[in-house]
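These protein sequence lines are chains E and Y, in that order. The first sequence begins at 1 in my numbering and counts up one residue at a time. The second sequence begins at 652 in my numbering and counts up one residue at a time. Glycine included, each C-beta is placed from N, C-alpha and C at the ideal position.
Number of protein chains: 2
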Amino acid sequence: MIHITFPDQSVREYEEGVTGLDIAKSLSNSLAREVLAISVNNEIWDLTRPIREDAEIRLHKWSDDEAKHAFWHSSAHLMAEAIEALYPGTKFGIGPAIENGFYYDVDTGDDVIITDADLPKIEKKMKALSALKNRYQRAHVSKQHALEYFNNKGDEYKLELIRDLEDGTISLYSHGNFTDLCRGPHLADTSPIKAIKLLSVAGAYWRGDEKRKQLTRIYGITFPKQSLLDEYLEKLELAKERDHRKIGKELELFTFSQRVGQGLPLWLPKGAQLRERLENFLKKIQRQYGYEQVITPHIGQKELYVTSGHYEKYGKDSFQPISTPQEGEEFLLKPMNCPHHCEIYRAKPHSYRDLPVRLAEFGTVYRYEQSGELHGLTRVRGFTQDDAHIFCRPDQLKEEFIKVIDIIHHIFNALDFNDYVTQISLRDREDHTKYIGSDENWEKAEQAIIEAADEKGLETVIEYGEAAFYGPKLDFMVRDAIGRKWQLGTIQVDYNLPERFDLEYIGADNQKHRPIMIHRAPFGSMERFVAVLIEHTGGKFPLWLTPDQVIILPISEKYHEYAEKVSKFLNNYDIRTLIDERSEKIGKKIRDNELKRIPYLLIVGEKEAESSTVSVRRQGEGDKGVMELKEFAEFISQEVDSQLATIDTIE
Amino acid sequence: MIHITFPDQSVREYEEGVTGLDIAKSLSNSLAREVLAISVNNEIWDLTRPIREDAEIRLHKWSDDEAKHAFWHSSAHLMAEAIEALYPGTKFGIGPAIENGFYYDVDTGDDVIITDADLPKIEKKMKALSALKNRYQRAHVSKQHALEYFNNKGDEYKLELIRDLEDGTISLYSHGNFTDLCRGPHLADTSPIKAIKLLSVAGAYWRGDEKRKQLTRIYGITFPKQSLLDEYLEKLELAKERDHRKIGKELELFTFSQRVGQGLPLWLPKGAQLRERLENFLKKIQRQYGYEQVITPHIGQKELYVTSGHYEKYGKDSFQPISTPQEGEEFLLKPMNCPHHCEIYRAKPHSYRDLPVRLAEFGTVYRYEQSGELHGLTRVRGFTQDDAHIFCRPDQLKEEFIKVIDIIHHIFNALDFNDYVTQISLRDREDHTKYIGSDENWEKAEQAIIEAADEKGLETVIEYGEAAFYGPKLDFMVRDAIGRKWQLGTIQVDYNLPERFDLEYIGADNQKHRPIMIHRAPFGSMERFVAVLIEHTGGKFPLWLTPDQVIILPISEKYHEYAEKVSKFLNNYDIRTLIDERSEKIGKKIRDNELKRIPYLLIVGEKEAESSTVSVRRQGEGDKGVMELKEFAEFISQEVDSQLATIDTIE
């Protein structure tokens, strides 16, 4: 008998060789129907794999990410089986589960081309195969065996993958007529895969290398119920409407230029205005929390990054050094602001009484990304971090960390992101070689984060192996209005840069001591945050923040002059206005401008011009009646003021 | 007889071969005593050089730059004569007049080293030689003759210089025992050089090439009267006290780090705050003038600068291209913002009704400068321009240009720079090959600038050959509180970039037209302007702008708590405060803080704590009596408000 420990710490005895499915059945039949995967000692396993020793387990239903991962991974195999059936001789690259669904990279030979039009056919085949309830079967095999199998099959991609593997670590998964090289885990059988949608076809170079063959990548998603798929497709449609690239173009917030370079956003006037308003909002809060703004250059000598360790870690993969025409100097575009802030800290001596020093900067950094990875404002090559570095004493660390959690909480709430979770990223438990700095310092830092998060009652997940190379971190993931998760802010404890830059303060004991650094960025970057804000609000920004607050619609050209007068009057109240001077009918003007996401529409004609009034409409809500100019100005100013008062005082 | 035309267009007849000195004597003896040089057909000549043809002339007294140039150039020769007398065998490099005085690069051989301690001895010798009233005599000689002379003398530096000259263009100047290779012009004789001060000794590579020999550079200045020298030295002393590098350090405004790189300023919290306040001030005015802020990246593809022409012009001499680890792309640090703004203009179609488009950006640019050229914040490798580009129709050009003159006028006056002159920089009249763009466009642009400056009644000087390679410009030179001139703002008309970027708008005729661009930067750069502002104000910034407005001085530790209370109270009024918590006597605290240029000092002790008051001192003015907290807060807020009201409404 072996002892199985459940998440609630209860322990039960089972026969050696018991499987996850057996355990689920032993608890209840309905559970057995719903369970999709099992974690055994924090490793995800097939439900059908025998457990032969005492273990801690968790059973995963659809709501767990672990279950979805196994589900979509199994779906990728199912799709491969369907493709092999429909296109015999197809060779297979890799076919992983991804955040939403799965894909498989396939090579159907030079004569066959799979396009979007073929997807329904493959879907149909997948459904037929799924109904066969074939079991996913795991076989641990020798390298020799695996090579022989795929050699016989003639699949050069799998052969290449196997050659890179170590003997003794190789497993194959088979179901129905299809066998794949795979680490697993998988579902017990194909039957739960009930709702299937193949989404798109794209090209993808084998192993991401543009010099190698381009394979066909087919994306799909599956669910255990049709209603879940319907819901997902609806959300996808919603997400398309909210795509920040689409709205950013419509609202003229930002653009890209091939001549300037891909992944380098150009902020248009309305976008720059929005961004400045956000920066001022952050600056104000940060001032209240005792931060001081600094400004540093966008380049630094290579030596600066050799000192910081960034060059060793990223040098080869990033923008290459900039040389000078004389004097043989070498500079790098800054990938991070921290080395510059360390140099500012070093610019004068510090006493223990001066700490903490909190240096903040909206610092624009540059990091190379492959062009295929770039995406709107969320994945760019140049971005402005809402960055700050806190230099504090060891006895201040936890308090400072908590204050950073407070400020991030304040900021998220003020901008209506009330739903967020956090992830604590610690070192890989097995392999410490990837990180710089002493074990002792790492442990202290990890402990401080865990305690602070605990004290603030944060909903946290701990991930091992996800830490930055220089320290552990706490990341904030917000959920947007349509339920998508976005990674935004980050807080990181760092014992390493203070060592590398030999940072010091004089303690009460008159001796030199080493401060600790905290890196933090509530938004992550202005680019990413604005993208998320657009997708969250669908471009309908709060009144205080939105580029244009009011659009004035004169009924005919006769009232352009009065529209100008209204505009000037409102501008004196710092209200941002536009005038629609097109010679269109008022009905069309209203309809067109309703789509522009400007909160207030003011209609002005003879009646309004004579009585110095405006007819007010709220976007999406309709008519709000006639108001005198001053009345409207005060009404809207009050709305802005009350928003600002709220965001300033959130606790 | 020849005809000599005077500046007032009067014409007189003189014998052929008449000299400047003769002409001066013919007018008045007192003039002849004061005149130092002559311009003949816009070329500066020796007073003793015979005029053999009809000519337009101007006689130059000390107040003219032309006179100073000849005076200091002659002084350099006098110093060389003194050095040759004191250190026989000395070899001479070059010895020009400079903006203030002159220098000579000399090689006294390996055994003799001239240091600051030797300067009085050389000065004394110069005075003795000057009293001899030796005449400066010009000899036009053949290359062969010049080579023989310096070969005999054994001066390899002069020989090298002569070898680069064309035969027929070579002249020698002799006075007393000294003969130099020299283009002239010079004084008639040494007697006007009455007041002499040698200032410093430095090393300088022969021909600026660090691989060649280092010569000894001796700087000096001379005047026709001792009182002028005294005045100059006093001003030099004043300037030293106002040196922005010294004050910037004392006030903790900015710093440099060898590790980040020379010429790359790091703005410390107080400096960043000051700069932000200045930027906000500019943004506000610019908004009133219809500018729109944009934000663009600090790099651009090499192709962008090939398109703009910057690469061809500056590519080799600037920071070298940044390559990418894959994809073979090449980027450059942006040396200017204009190409990026052109791409923003191109991001959407424009109608004639949309123009002018005024795009503004506080854009940080990077330009390589040799380390020897770097100086504090006035000569750096990275700086933030208060940049804007106006895209307008031809019929709007003059009006827009005038509006830019207006905004610069507004800004300078608001910041108390009331004394400025302007320079119109046009093409070299002889050589048009240095410039890009058609002759016709250049002429239109030059005319527009001249007319606009004329219409605004600006005090202008026209300089030929000083235009940018892409267009003519109007530069603003301000005079600071101690009379020094600084180049700040610039306005440039540009017909070229719109061509190169193929910029268009649709005219009222429904046809495509080319807009014209105006580049403008009132400050030039934030770095340069802050440097000039420091040197202008001696670091005593106006109350609205200064980093710390109030310092609170508790009489003893007992009153720290009350000081904190006062500080918080004032912070609620947006008043920026500091507390001096050192355990020093109050007298010392007052003395120390008087030096820190903080406008208000508040002394708090028992009396003040009990009555909720503060004892107010104005920096540099002394006691202002006791005030209640609210009274003081309102008093100081009113001072700030009235300053802001003034700077907002200057016409």
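Strand pairing of R49/E, partner residues [DSSP]: Position 49 of the first sequence holds residue 49/E. According to DSSP, which records beta bridges pairwise, R49/E is partnered with nothing at all.
Neighbour list for Y1019/Y in chain E, Cβ cutoff strictly below 7 Å: As a working mapping, residue 1019/Y is identified with position 368 in the second sequence. Within 7 Å Cβ-Cβ: T324 and P325.
8 Å Cβ cutoff, G261/E in contact with chain Y: Reading the first sequence from its first residue, position 261 is the one you call residue 261/E. With 8 Å as the cut-off, G261/E counts as an interface residue toward chain Y.
Amino acids of chain Y, ordered along the chain, whose beta-carbon sits closer than 8 Å to that of D317/E: In the first sequence, residue 317/E corresponds to position 317, counting from 1. Under the 8 Å cutoff, chain Y gives P976.
8 Å CB neighbourhood of D673/Y in its chain, flanking five on each side removed: Here the question's residue 673/Y lines up with position 22 in the second sequence. Once the five neighbours on either side are set aside, the close Cβ partners of D673/Y are Y665.
M777/Y, buried or exposed, once every other Cβ within 10 Å from all chains shown has been counted against 16: The count along the second sequence starts at 1 and reaches residue 777/Y at position 126. Flag for M777/Y reads buried.
Reference H1083/Y, options D1057/Y, D1070/Y and P1123/Y, closest by Cα: Here the question's residue 1083/Y lines up with position 432 in the second sequence. Comparing Cα positions, the closest option is P1123/Y.
Minimum C-alpha distance to L545/E - residue among L253/E, E241/E and V35/E: Within the first sequence, the letter at position 545 stands for residue 545/E. Nearest of L253/E, E241/E and V35/E to L545/E, Cα basis: L253/E.
Rounded separation between L415/E and K485/E - CA only: By one-based count along the first sequence, residue 415/E stands at place 415. By one-based count along the first sequence, residue 485/E stands at place 485. Roughly 16 Å between the two C-alpha positions.
Coarse secondary structure for V35/E, derived from DSSP in three states: Translated into the one-based positions of the first sequence, residue 35/E becomes position 35. Correct three-state label for V35/E: coil.
Sub-8 Å separation of A1103/Y and I1053/Y beta-carbons: Along the second sequence, read from residue 1 onward, the residue named residue 1103/Y stands at position 452. Along the second sequence, read from residue 1 onward, the residue named residue 1053/Y stands at position 402. Result yes, Cβ atoms of A1103/Y and I1053/Y sit closer than 8 Å.
Alpha carbon of N177/E to alpha carbon of K153/E, nearest angstrom: What you label residue 177/E is simply residue 177 of the first sequence in a count that begins at 1. What you label residue 153/E is simply residue 153 of the first sequence in a count that begins at 1. Straight-line Cα distance between these residues: approximately 13 Å.
Local Cβ density within 10 Å of T577/E, reported as buried at 16 or more and exposed below that: As a working note, residue 577/E is residue 577 in the first sequence. When all chains shown are included, T577/E counts as buried.
Inter-residue spacing [alpha-carbon to alpha-carbon] between L474/E and L458/E: Locating residue 474/E in the first sequence gives position 474, where the first residue counts as 1. Locating residue 458/E in the first sequence gives position 458, where the first residue counts as 1. Those two C-alpha atoms are separated by around 11 Å.
Minimum C-alpha distance to L264/E - residue among E303/E, L629/E, G376/E and D494/E: As a first step, residue 264/E is located in the first sequence; it is residue number 264 there, counting from the start. Of the listed residues, the one whose Cα sits closest to L264/E is G376/E.
Inter-stretch contact (C-beta, 8 Å, three-pair minimum) for the stretch 352 to 363 of chain E and the stretch 227 to 243 of chain E: no
Rounded distance between the beta-carbons of L426/E and E446/E, thought under 8 Å: Counting from one through the first sequence, the residue named residue 446/E turns up at place 446. Counting from one through the first sequence, the residue named residue 426/E turns up at place 426. Confirmed, Cβ separation roughly 5 Å.
Beta bridge counterpart(s) of E694/Y as assigned by DSSP: By 1-based counting over the second sequence, the position of residue 694/Y is 43. Paired residue(s): V691/Y.
Best match in Y787/Y, I764/Y and H1061/Y for proximity to T1297/Y [C-alpha to C-alpha]: Within the second sequence, numbered from 1, the residue matching residue 1297/Y stands at position 646. Selected option, being the one with the closest Cα: H1061/Y.
Contact set between W918/Y and chain E, taken where Cβ atoms lie within less than 8 Å: Position 267 of the second sequence, counting from 1, holds the residue named residue 918/Y. Ordered by position in chain E, the residues that pass the 8 Å Cβ test against W918/Y are V294, I295 and T296.
Whole runs of the beta strand (DSSP E) within the stretch 727 to 769 of chain Y, excluding any shorter than 3 residues: 752 to 758
Any C-beta of chain Y under 8 Å from that of H340/E: Translated into positions along the first sequence, residue 340/E becomes position 340. Output row for H340/E: interface = yes.
The alpha helix (DSSP H) enclosing C338/E, as first and last residue numbers: Here residue 338/E corresponds to residue number 338 of the first sequence, with the count starting at 1. Unbroken alpha helix (DSSP H) run through C338/E: C338 to R346.
CA-to-CA distance, I551/E to Y559/E, given in whole angstroms: Position 559 of the first sequence, counting from 1, holds the residue named residue 559/E. Position 551 of the first sequence, counting from 1, holds the residue named residue 551/E. Whole-angstrom Cα-Cα distance: 14 Å.
Start-to-end residues for the alpha helix (DSSP H) that takes in G1276/Y: Counting from 1 along the second sequence, the entry for residue 1276/Y is found at position 625. Element bounds for G1276/Y: not the alpha helix (DSSP H) but the beta strand (DSSP E), G1273 to E1279.
Min CB distance I285/E to chain Y below 8 Å: Residue mapping note: residue 285/E aligns to position 285 of the first sequence, counting from 1. Chain Y contact via Cβ: absent.
Same chain, Cβ closer than 6 Å to W45/E, neighbours up to 5 away in sequence not counted: Counted from its first residue, the first sequence places residue 45/E at position 45. Around W45/E: I38 and P185.
Residue-chain proximity (F569/E, chain Y), Cβ-Cβ < 8 Å: On the first sequence, residue 569/E is found 569 positions in, with the first residue counted as 1. False, the Cβ-Cβ gap to chain Y never drops below 8 Å.
Interface flag, R275/E vs chain Y, CB-CB below 8 Å: As a position in the first sequence, residue 275/E is number 275, starting the count at 1. So yes, R275/E belongs to the interface.
C-alpha distance - H992/Y paired with A388/E, whole-angstrom precision: If you number the second sequence from 1, residue 992/Y lands on position 341. If you number the first sequence from 1, residue 388/E lands on position 388. Computed Cα separation, rounded: 30 Å.
Closest Cα partner of P394/E within the set Y366/E, N441/E and F412/E: By 1-based counting over the first sequence, the position of residue 394/E is 394. Taking only the C-alpha atoms, the option nearest P394/E is N441/E.
K348/E burial status per 10 Å Cβ neighbour count (16 or more: buried): By 1-based counting over the first sequence, the position of residue 348/E is 348. By the 10 Å Cβ count, K348/E comes out exposed.
Cβ neighbour criterion (16 or more within 10 Å) applied to L983/Y: On the second sequence, position 332 is the one that residue 983/Y refers to. Classification for L983/Y: buried.
C-beta neighbour in chain E for F1180/Y, strict 8 Å: Residue numbering aside, residue 1180/Y sits at position 529 when the second sequence is read from its first letter. No - not a single Cβ of chain E is within 8 Å of the one on F1180/Y.
Distance between P120/E and K158/E (C-alpha atoms, nearest Å): For this step, residue 158/E is matched to residue 158 along the first sequence. For this step, residue 120/E is matched to residue 120 along the first sequence. Going from the Cα of K158/E to the Cα of P120/E covers about 27 Å.
Proximity of G220/E and F102/E at Cβ, strictly below 8 Å: The residue given as residue 220/E occupies position 220 in the first sequence. The residue given as residue 102/E occupies position 102 in the first sequence. Closer than 8 Å, so yes.
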